[in-house]
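Presented below is the structure to which this report refers.
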Amino acid sequence: MRSLKRFFPEIPAAVFLLFLFCVYPLFMKSGYTDICADKFLFFSRLSSAAVLILILTGGVGFFHGAMTERSCRTDLFVLLWMAETVISFLFSIDRKTALFGTDGWYMGLFTLGILGALYFLISRLWKYSPMILYTALAFSVPVYLLGILDRFSIHLIQLELRDPSFISTLGNINWFMGYYSVLTAAGAGLLIAESKRNGSGKGTGLKTVLLSAWMVIAFAAGFAQGSDSVLLFFGALFAGSVLFYPEGAGEEGTFSGKIRAFLLLFLLFCTGASIIRLMRLLLPGYNYDSSGLLSRITEGPLPFILLLSGLILFILSRFLSGKTGEKMKTDRRLFLILLILPFFFWLATALLHTKAGLFPNLPDDLFLLDPHFGSGRGEAFRAALLTWWNLPLVNRLFGAGPDCFMTAAYSTVPLAGELTVFWPDDLLTNAHCEPLTVLVNGGIAGLICFYGMLFSVFFRDDPAGDDSVREDPDGDDTGSVLRLAVFCYMIHNLISFATILNLPFLMMLMAMYRSGKTGRHTQEIRNSGHPLF
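Sequential numbering of the sequence shown, starting at 35, is according to this note's numbering.
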């Protein structure tokens, strides 16, 4: 009995996290037919049961800890975000839709509210363990491999409904990329942290090798999936690998250590691209749009050239020590500049191409700033701004309601007619740009609270009062992993959106990090007089 008491409420919390990270992505009830609804039902039942069980098993300890423990910035913004979501629902233009969300997206009050509740419950009642993340990465391997094989017409799962827009076990390509942007960033963060420790003699070479192999599969899946939105993710991942490199003493915390981490990722990136190139040479069944930039890259020998270059640079980096033991204060500024420069280069090129047509060979969907930009994202951006501007003042402040973008957009005249002409066979359910989607659904207040919650993870704010970066003795720099995942999520979602296959994973990463930052965990719960104990 004593051993059973010891693990409450850690057991239900761990079971929930394992089901969410491992079973949920692979779940398919009836193939791609109604996969969005099936995924939502799985998630809603799993999360509702988790909230109920966690409250029953750890409620007294949770409320005791909530009253006595110092809150961090993220706690505050999650609470504000939850409160704003309720206010947005109360002022919603369509409460029925706002409750559970638009069909096919399901990002209504129920989903957002239960994610907020799970954040607080998991962060207070679960004892941090990096094994959850490593298990999640292991279960993502079949998701990525099935996605790669789908693109080469190798269908291990026989489904009646097949369309190039569906991939792996995640359904629509946008849902795949949502999951991919969070899990791949977390895996890259773990690899960088482990390679840092391995370089200083504190890590294990086997773990670095296994994480490297995982990253090769992940990069290959990114090249194979077909959407050019992954380019933003790749850029964010490489920039973030330096910007959020785990701090620490010794050479591995210096500029040279960050460069080696960057080059390691680049080498694995080139390996993944080369694998897809090799598969396209050996397997002729590639079945996605070949006009995209990534498809063009894997049509020729460029991946092999990059792989050779990456290998040479990585080997050289092992012999160039840099400034041993000395922190270089300009490294983050340098990489911020390198991150911003490509954007200004793209913007200048796109403006010249749009105004004067100086570059006729450039793809119009990437460099022509008109409604067709980004496969119609230009029209979606314009529609979002017009929709928000035409809302009543109270809805501009607090939004049209959770997941009520479509209702608001098609209630705006003459915008509704323009959208019907532009997408005669589809409905615009979000702006394909998360800031604009949040602006319409949550208003100015929702935009501030949601992005305040995300940006809060970049501040070193320990609930126990210690502002130093946490370095787990078991070898998981949770702070750098979380920051990289949030950064990649935000950058990728500049042309994408939150779904129930990315935001839940991101919120649970935030909760897991918060759990790792507190030293209390469940000891106070065991001593709190909870009736189960």
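Ideal Cβ positions, reconstructed from N, Cα and C, are used throughout, including at glycine.
What residue does the alpha helix (DSSP H) around Ile482 start on, and which one ends it?
For the purposes of this step, residue 482 is taken as residue 448 along the sequence shown, with counting starting at 1. Here the alpha helix (DSSP H) through Ile482 covers 468-489.
Grouping DSSP H, G and I as helix and E and B as strand, with all else coil, what is Asn429?
The residue you call residue 429 lines up with position 395 of the sequence shown. Reduced to three states, the DSSP call for Asn429 is helix.
Candidates Phe268, Ala414, Leu473: which alpha carbon is nearest Met304's?
Here residue 304 refers to the residue found at position 270 when the sequence shown is read from its first residue. Checking the sequence, you will find Cys at residue 304 rather than Met. Ranking the options by Cα distance to Cys304, first place goes to Phe268.
Per DSSP, what kind of secondary structure is Phe200 in: helix, strand or coil?
To locate residue 200, count along the sequence shown from 1; it is residue 166. In this structure, Phe200 counts as strand in the three-state DSSP scheme.
With a cut-off of 8 Å on the beta carbons, I'd call Val276 and Phe296 a contact; round off their distance for me.
In the sequence shown, counting from the first residue as 1, residue 276 sits at position 242. In the sequence shown, counting from the first residue as 1, residue 296 sits at position 262. Their Cβ separation, rounded to whole angstroms, is 6 Å, which keeps Val276 and Phe296 in contact under 8 Å.
By how many angstroms is the C-alpha of Pro337 removed from the C-alpha of Ile346?
The sequence position of residue 346 within the sequence shown is 312, counting from 1. The sequence position of residue 337 within the sequence shown is 303, counting from 1. Taking the straight line from one Cα to the other gives about 14 Å.
Does the distance from the C-beta atom of Glu333 to that of Lys161 stay below 8 Å?
Reading the sequence shown from its first residue, position 299 is the one you call residue 333. Reading the sequence shown from its first residue, position 127 is the one you call residue 161. Against a cut-off of 8 Å, the Cβ pair of Lys161 and Glu333 comes out as no contact.
For Gly477, which residues from the same chain have a beta carbon less than 7 Å from its beta carbon, with the 5 sequence-adjacent residues on both sides left out?
Sequence index remark: in the sequence shown, residue 477 carries index 443 (1-based). Closer than 7 Å at Cβ, skipping near neighbours: Ser122, Asn429, Arg430, Leu431, Phe432, Gly433.
Could you say which of Leu193, Tyr547, Ile525, Trp457 lies nearest to Gly274 if we only look at CA atoms?
For the purposes of this step, residue 274 is taken as residue 240 along the sequence shown, with counting starting at 1. Of the candidates Leu193, Tyr547, Ile525, Trp457, the one whose C-alpha sits nearest the C-alpha of Gly274 is Ile525.
The ligand PLP and Glu228: does any heavy atom of the ligand fall closer than 7 Å to the residue's C-beta?
Judged by which ligands are present, the structure shown has none, so any question about the ligand PLP falls away.
From what residue to what residue does the alpha helix (DSSP H) around Tyr153 run?
For the purposes of this step, residue 153 is identified with residue 119 of the sequence shown, where counting begins at 1. It spans 143-159 - the alpha helix (DSSP H) in which Tyr153 sits, taken as one unbroken run.
Going by CA-CA distance only, name the one from Met544, Leu518, Ala532 that's closest to Gly212.
In the sequence shown, residue 212 corresponds to position 178, counting from 1. Looking at the Cα atoms, Ala532 is the closest of the given residues.
With DSSP run on the structure shown, which of helix, strand or coil describes Gly205?
By 1-based counting over the sequence shown, the position of residue 205 is 171. Strand, per DSSP.
Let me make sure I understand the geometry here. Which of Cys106, Cys467, Phe77 has the alpha-carbon closest to that of Gly408?
Locating residue 408 in the sequence shown gives position 374, where the first residue counts as 1. The residue with the shortest Cα to Cα distance from Gly408 is Cys467.
May I have the straight-line CA-CA distance separating Asn464 from Asp197, to the nearest angstrom?
To locate residue 464, count along the sequence shown from 1; it is residue 430. To locate residue 197, count along the sequence shown from 1; it is residue 163. Distance between the alpha carbons of Asn464 and Asp197 is about 22 Å.
My understanding is that Arg185 touches Tyr320, with C-beta atoms under 8 Å, so please give their C-beta distance in whole angstroms.
Within the sequence shown, the letter at position 151 stands for residue 185. Within the sequence shown, the letter at position 286 stands for residue 320. With a beta-carbon spacing of about 6 Å, Arg185 and Tyr320 fall inside the 8 Å limit used to define contacts.
With distances taken between CB atoms, is the gap from Pro59 to Thr203 smaller than 8 Å?
By 1-based counting over the sequence shown, the position of residue 59 is 25. By 1-based counting over the sequence shown, the position of residue 203 is 169. The answer is yes: Cβ separation under 8 Å.
Go ahead and pull the three-state DSSP assignment for Tyr140.
Counting from one through the sequence shown, the residue named residue 140 turns up at place 106. Here Tyr140 carries a coil assignment [DSSP, helix/strand/coil].
Closer than 8 Å is the cut-off here; do at least three beta carbon pairs connect the segment 132-147 with the segment 434-448?
yes
Smallest Cα separation from Ala84: which of Gly142, Ile69, Tyr153?
As a first step, residue 84 is located in the sequence shown; it is residue number 50 there, counting from the start. Relative to the Cα of Ala84, the nearest Cα in the group Gly142, Ile69, Tyr153 belongs to Tyr153.
Apply the 10 Å Cβ neighbour rule to Trp423 and answer buried if 16 or more other Cβ atoms are within range, or exposed otherwise.
Within the sequence shown, residue 423 is the residue found at index 389, counting from 1. Result: exposed.
Could you pull the DSSP bridge partners for Tyr547 from this structure?
For the purposes of this step, residue 547 is taken as the residue at position 513 of the sequence shown. The partner list for Tyr547 (beta bridge, DSSP) is empty, contrary to what the question assumes.
Look up Tyr320 in the DSSP assignment and say whether it is helix, strand or coil.
Sequence index remark: in the sequence shown, residue 320 carries index 286 (1-based). Reduced to three states, the DSSP call for Tyr320 is coil.
Output the boundary residues of the alpha helix (DSSP H) element that contains Trp115.
The sequence position of residue 115 within the sequence shown is 81, counting from 1. Residues 107-124.
Assign Val243 to buried or exposed, taking buried as 16 or more other Cβ atoms, counted over all protein chains shown, within 10 Å of its Cβ.
Reading the sequence shown from its first residue, position 209 is the one you call residue 243. In summary, Val243 is exposed, with fewer than 16 beta-carbon neighbours lying within 10 Å of its beta-carbon over all protein chains present.
Looking only at its chain, what residues have a beta carbon closer than 7 Å to the beta carbon of Phe111, apart from the 5 residues adjacent to it on each side?
Taking the first residue of the sequence shown as position 1, residue 111 is located at position 77. If you ignore the 5 residues before and after Phe111, its C-beta comes within less than 7 Å of the C-beta of Cys483, Gly486, Met487, Ser490, all in its own chain and listed in chain order.
So is Ala283 buried or exposed if we call it buried at 16+ other beta carbons inside 10 Å?
Walking along the sequence shown from the start, residue 283 turns up at place 249. Confidence at Ala283 is low in this model, with a pLDDT of 40, below 50, so its placement is unreliable and no value can be given for it.
Which two residues bound the contiguous alpha helix (DSSP H) that contains Val447?
Residue 447 sits at position 413 when you count from the first residue of the sequence shown. Premise fails: Val447 is in no alpha helix (DSSP H) and is neither H nor E.
Would you check if the distance between the CB atom of Ile534 and the CB atom of Phe74 is smaller than 8 Å?
Walking along the sequence shown from the start, residue 534 turns up at place 500. Walking along the sequence shown from the start, residue 74 turns up at place 40. In this structure, Phe74 lies closer than 8 Å to Ile534 by Cβ.
Judging by CA-CA distance, which residue of Asn527, Arg517, Phe378 is the nearest neighbour of Ala545?
To locate residue 545, count along the sequence shown from 1; it is residue 511. Taking only the C-alpha atoms, the option nearest Ala545 is Arg517.
To which residues of the same chain is Asp109 closer than 6 Å at the C-beta, ignoring the five residues directly before and after it?
Taking the first residue of the sequence shown as position 1, residue 109 is located at position 75. Counting only Cβ-Cβ distances below 6 Å, and skipping sequence neighbours, we find nothing.
Given a threshold of 16 other Cβ atoms within 10 Å of its Cβ, counted over all protein chains shown, does Ser215 qualify as buried or as exposed?
Walking along the sequence shown from the start, residue 215 turns up at place 181. It counts as buried.
Assign Gly356 to one of three DSSP states: helix, strand, or coil.
Counted from its first residue, the sequence shown places residue 356 at position 322. Note on Gly356: pLDDT 49, under 50, position unreliable in the model; the coordinate value appears next. Judged by DSSP in its simplified three-state form, Gly356 adopts coil rather than helix or strand.
Please look up how many angstroms separate the CB atoms of Asp18 and Gly412, rounded, as I've assumed it's under 8 Å.
With the chain running from 35 to 567 in the structure shown, residue 18 is simply not present.
Determine which residues share a DSSP beta bridge with Tyr178 and list them.
One-based indexing of the sequence shown puts residue 178 at position 144. For Tyr178, which the question treats as bridged, DSSP gives no partner whatsoever.
In the DSSP assignment, find the unbroken alpha helix (DSSP H) run with His526 in it and report its ends.
In the sequence shown, residue 526 corresponds to position 492, counting from 1. Run containing His526: 512-526, per the alpha helix (DSSP H) assignment.
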